[in-house]
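Okay, so here's the structure we're looking at.
Numbering (the numbering used here), first residue to last: 379 to 531.
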């Protein structure tokens, strides 16, 4: 098993399919169906942003997942103190490789990146219907800090 930083936007776009398919299934009014070309172009525009890191997970020289993280610097203002965090935008594993410890390996690698950058906070969010993500992050010691709610008019 190997985790490395990547700039291969095409590979990330392919590995994004499971995430996009779930989002489109659960929230069809918000998310579009998976479109490789459009997603590939989006990742091409994001991949060289210095604040973003794309981690590729491979096993037996096969790409099986990725993590998309962001180093965030929150400046001080009148309401809050300054702080830094690593924000996890997405973690995706091909369906056949789930529940094998790969997600934990990605999270451990993310924690290592945070420690190396002297950041002591990892933040993330997940969609309400994603019980799998909720259980995974609870297992890793995450607790709720805020809840985001909405009302359609």
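From the three backbone atoms N, C-alpha and C, an ideal C-beta is built for every residue, glycine too.
Between which two residues does the alpha helix (DSSP H) harbouring residue 395 extend? Stepping through the chain shown from its first residue, residue 395 is reached at position 17. Residues 395-404.
Considering residue 337, what are the terminal residues of the alpha helix (DSSP H) in which it resides? Shown here, the chain extends from 379 to 531; a query on residue 337 therefore has no answer.
Close Cβ partners of residue 402 (< 8 Å) along its chain, the five nearest in sequence each way excluded: Locating residue 402 in the chain shown gives position 24, where the first residue counts as 1. Excluding sequence neighbours, residue 402 sits near 409, 410, 411 and 412.
Local Cβ density within 10 Å of residue 446, reported as buried at 16 or more and exposed below that: Numbered from its first residue, the chain shown carries residue 446 at position 68. Classification for residue 446: buried.
So, at 6 Å on beta carbons, what are the nonlocal neighbours of residue 381 in its own chain, with the 5 sequence-adjacent residues on each side left out? Here residue 381 refers to the residue found at position 3 when the chain shown is read from its first residue. The answer, listed in chain order, is 433, 435 and 487.
To the nearest angstrom, how far is it from the Cα of residue 391 to the Cα of residue 454? Numbered from its first residue, the chain shown carries residue 391 at position 13. Numbered from its first residue, the chain shown carries residue 454 at position 76. Straight-line measurement puts the Cα of residue 454 at about 35 Å from the Cα of residue 391.
When DSSP labels each residue in this structure, what does residue 462 get in the three-state scheme? Position 84 of the chain shown holds residue 462. Residue 462 falls in the strand class under three-state DSSP.
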